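The structure under discussion appears below in the form of structure tokens.
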Amino acid sequence: MIILTPISCKNSTELATPVAPERVLADSKLIGEFQASQLRGRFTGALAPVQLLVRYGIKVYRIEYNTTNTDGKPIKASGALLVPNTDGAMPLISAQHGTIASDAEAPSYYNSGSEIYTFGTLFAAQGYIVAAPDYIGYGVSKDLPHTYEHREGLATASLDMLRASREFLADQQIKWDSRLFITGYSEGGYASMSLQKKIEEETGEEFNLVASSLGAGAYDKTATMRYLVSNRTTTNSDYNRLYTWVLLTYDRIYGLNRPASYYFKEPYASRVAESGRNANIGVSLNDAFTDAFKKAAAEETDQAFVEAVADNDVYDWKPRTPTRLYHGTADNLVFYFNSQNAYDAMQKRGATNVKLYPIRNATHATGLIEFILGTYTFFTNPSNL
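In our numbering, the protein residues as written are 255 to 639.
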């Protein structure tokens, strides 16, 4: 069994104390309470051994809070807050979810099959408070477009979810021991890296961030874009829908407003124009792109597009927080070079508290379990990179 151990606060006296943000918590509701025996019953078959990690029952709350959309307008967002049934002071994990296919999978619904229902619950049952943002575009903000793989949109929604959670815990007199951990896989890995960077660079001493465990995120958007336009990649239409989703998100948020025919040849341009991110593209994506777009992207003559992509790079900076990067070496959805490039860039900047954990021969799907188990171990002893 993993036992939580006290972690001393980091020395961050070199940081300026920020102005206290306005209250962001708008509403909260208890949506479920579950005993430890009920939680153990969720983990069967190959996952049966993790039943030993369940120590506490939990309460699950839906949190609604005020945040800002990518256009600067104030909006409401939502998320789930999982609180262990214990009187002791507990650490807090900000858990950013990976790509989801429907609003019903958002954390604040706490539906079976969602990340928060399974792996998020396992963290909570081990003694962590877990804050899980829906992101913009899900939950209470479901009528807005999701900010898919957009650095600032994901980071802002996640940061304000943390602030709302802090206010809720204080209102309910739930004991938080001030320690904060960050984790996420896939889109959640990218969102978590974006959140970590925002906390470290913009919030001063507002949070006591102890450790960050990131899995298979597309941190180097520029390298990913160049690879996709210049190389033959998967013909998996589900993967290509995700790449298209990123492209259309950046086109919208940065006001590029290009027609689908700028990016895609026929018949794919018509499909994207009609179905958006759900368009069926069953060829290597570089075979679906127009020659003009590929040339402009590769040679960086389309400055507006290149700058939009680069604005979402989150790999080349110097984290202060102990950070693990997990990634499957055979990942053909979010390419392994994203974590390798991040590690190399951070090392060059002198970040000695970042370590790369290659998951040998693992794909995007098969690397998940090793990432989760490694994260548990790391959070138990963050000094052991």
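Each residue gets a CB set at the ideal place from its N, CA and C atoms; glycine is no exception. Bear in mind that the values here come from a model prediction, so they are computed numbers and not experimental data.
(message) Just to confirm the assignment: which complete beta strand (DSSP E) runs, minimum length 3, are found wholly within the stretch 498–542?
(response) none
(message) Can you confirm whether the stretch 589–605 touches the stretch 629–639 when touching is taken to mean that 3 or more C-beta pairs between the two stretches lie within less than 8 Å?
(response) no
(request) Leaving out five residues on either side along the sequence, give the residues of the same chain with a beta carbon under 6 Å from the beta carbon of Tyr473. (result) For Tyr473, same chain residues with a beta-carbon under 6 Å away, outside a window of 5 residues either side, are Met447, Val568, Tyr569, Asn592 and Ala596 in chain order.
(message) For Lys475, report the span of its beta strand (DSSP E) as first-last.
(response) From DSSP, Lys475 is part of no beta strand (DSSP E) but of the alpha helix (DSSP H) over Lys475 to Ser484.
(request) Assign Asn265 to buried or exposed, taking buried as 16 or more other Cβ atoms, counted over all protein chains shown, within 10 Å of its Cβ. (result) Any answer about Asn265 is weak, because its pLDDT of 41 lies below 50 and its placement is not dependable; what the coordinates show is given next. With fewer than 16 Cβ atoms within 10 Å of its Cβ, Asn265 is classed as exposed.
(request) Work out the CA separation of His581 and Gln557 for me, nearest whole Å. (result) 31 Å
(request) Could you pull out every residue in the same chain whose Cβ sits closer than 7 Å to the Cβ of Lys452, ignoring the five residues on either side in sequence? (result) Ala409 and Leu413
(message) By the three-class DSSP mapping on this structure, what secondary structure does Leu434 have?
(response) strand
(request) Would you kindly work out how many angstroms separate the C-alpha atoms of Ser362 and Arg574, rounded to a whole number? (result) 31 Å
(request) Can you tell me which of the three DSSP states Glu454 falls into? (result) helix
(request) Evaluate Gly621 with the Cβ neighbour count: other Cβ atoms within 10 Å of its Cβ, from every protein chain shown; 16 or more gives buried, anything less gives exposed. (result) buried
(message) Can you give me the C-alpha to C-alpha distance between Val588 and Leu496, rounded to a whole angstrom?
(response) Rounded to whole angstroms, the gap between the alpha carbons of Val588 and Leu496 is 10 Å.
(request) Note the first and the last residue of the continuous beta strand (DSSP E) segment covering Ala334. (result) Pro328 to Pro338
(message) Considering Cα atoms alone, identify which of Ile383, Gly352, Gln380 and Leu434 is closest to Glu369.
(response) Here the closest residue by C-alpha is Gly352.
(request) Leaving aside the five residues before and after Ala533 along the sequence, list all residues of the same chain whose C-beta is less than 8 Å from its C-beta, in chain order. (result) Arg495, Thr498, Tyr522, Arg525 and Val526
(request) To the nearest angstrom, report how far apart Glu276 and Trp430 are at their CA atoms. (result) 20 Å
(message) Taking 7 Å as the limit between beta carbons, can you name the residues of its chain near Thr324, skipping five residues before and five after?
(response) Thr401, His404, Glu406, Gly407 and Ile507
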